[in-house]
Amino acid sequence: MTVAAIVPAAGRGERLGLGRPKALAVVGGLALVARAVDGLVAGGVDAVVVVAPPGDEEAVRDALGARRAVVVPGADDRVGSVGAALDALPGDTDVVLVHDAARCLCPPEVVRAVIDAVRAGHAAVVPATAVADTLKRTGDAGVVTATVDRSGLAAVQTPQGFDPATLRAAHERARTLRAGGGPVVATDDAGLAEDLGVPVVTVPGDPRAFKVTTPLDLAMAEALVTAGPA
Numbered sequence: 083m084t085v086a087a088i089v090p091a092a093g094r095g096e097r098l099g100l101g102r103p104k105a106l107a108v109v110g111g112l113a114l115v116a117r118a119v120d121g122l123v124a125g126g127v128d129a130v131v132v133v134a135p136p137g138d139e140e141a142v143r144d145a146l147g148a149r150r151a152v153v154v155p156g157a158d159d160r161v162g163s164v165g166a167a168l169d170a171l172p173g174d175t176d177v178v179l180v181h182d183a184a185r186c187l188c189p190p191e192v193v194r195a196v197i198d199a200v201r202a203g204h205a206a207v208v209p210a211t212a213v214a215d216t217l218k219r220t221g222d223a224g225v226v227t228a229t230v231d232r233s234g235l236a237a238v239q240t241p242q243g244f245d246p247a248t249l250r251a252a253h254e255r256a257r258t259l260r261a262g263g264g265p266v267v268a269t270d271d272a273g274l275a276e277d278l279g280v281p282v283v284t285v286p287g288d289p290r291a292f293k294v295t296t297p298l299d300l301a302m303a304e305a306l307v308t309a310g311p312a
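Each residue of the sequence shown is one higher than the one before, counting from 83 in my numbering.
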């Protein structure tokens, strides 16, 4: 059986301000997407499908170099992009991960923990960390209306792992809702599984699996790579 991973890398990265897709931003001499694929393979992934911005497929292939990954064009949003990648998965896939290219420093042990949890019988698995900041709910003009109890809250990361049939069903439901004019409010694939009524299980995440979104994030990633394993 095969562990396959989908890497959505179709974001344009406007907040990074680099003038190229975010997945092609470079950290320690390697593109984010290349580092993300390396981490997945080190964690036990057998096959990778990378979703590239339409028109930038060749640039993504160049960034991946000799890494064994299928590159497919993305869509206007995450639902469409992941759906396109699902069609390119190997037929014997028994675990499928969805991993943001921007979380390029996710340690292999987090990848392995997600895979193990899916193979243990959980249909949907996410890595998560405790919320450390105090959380406030705000209203008009940014006025605080309440302090949110953070006990029981978690910050969710990727890779998120699924039984393939569950992920396909979740995305099919999202496409059906969208075609009918209904809202699709989930911001991640686990949210789509939740909408199906599928229990989502957590495994310990890692601070290094943060998402590179801003120039500060990129600088932090560069500093971590330069510092080495310690």
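All C-beta atoms in this analysis are idealised placements derived from N, C-alpha and C, irrespective of residue type, glycine included. These numbers come from a predicted model, not from an experiment.
Cutoff 7 Å; reference residue i; Cβ partners in own chain excluding five residues on either side
| i | result |
| --- | --- |
| residue 136 | 155 and 156 |
| residue 295 | 97 and 184 |
| residue 167 | 88, 131, 133 and 154 |
| residue 245 | 200 and 205 |
Beta-carbon proximity of residue i to residue j, cut-off 8 Å
| i | j | result |
| --- | --- | --- |
| residue 83 | residue 174 | yes |
| residue 214 | residue 248 | no |
| residue 85 | residue 207 | no |
| residue 131 | residue 152 | yes |
| residue 146 | residue 118 | no |
| residue 121 | residue 177 | no |
| residue 252 | residue 271 | yes |
| residue 227 | residue 220 | yes |
| residue 179 | residue 164 | no |
Proximity to residue i [Cα-Cα], best of the options
| i | options | result |
| --- | --- | --- |
| residue 141 | 235, 185 and 107 | 107 |
| residue 305 | 187, 98 and 169 | 187 |
| residue 123 | 250, 91, 190 and 308 | 190 |
| residue 297 | 165, 166 and 184 | 184 |
| residue 309 | 100, 110, 279 and 105 | 110 |
Cβ-based neighbour list, residue i, same chain, cut-off 8 Å, excluding 5 preceding and 5 following
| i | result |
| --- | --- |
| residue 192 | 125, 209, 239, 241, 285, 286, 287, 288 and 291 |
| residue 103 | 91, 92, 93, 94, 95, 134, 135, 138, 141 and 142 |
Opposing strand residues paired with residue i [DSSP bridges]
| i | result |
| --- | --- |
| residue 90 | 133 |
| residue 244 | 178 and 206 |
| residue 84 | 175 |
CB contact below 8 Å: residue i versus chain B
| i | result |
| --- | --- |
| residue 96 | Of the protein chains in this structure there is only one, and it is not chain B. |
**Request:** Ignoring anything shorter than 3 residues or poking outside the stretch 173-233, list the beta strand (DSSP E) runs there in chain order.
**Result:** 175-180, 206-212, 217-220 and 226-230
**Message:** Just to confirm the assignment: which complete alpha helix (DSSP H) runs, minimum length 4, are found wholly within the stretch 107-185?
**Reply:** Within the stretch 107-185, the runs of alpha helix (DSSP H) at least 4 residues long that lie entirely inside it are, in chain order, 114-124, 139-146 and 160-168.
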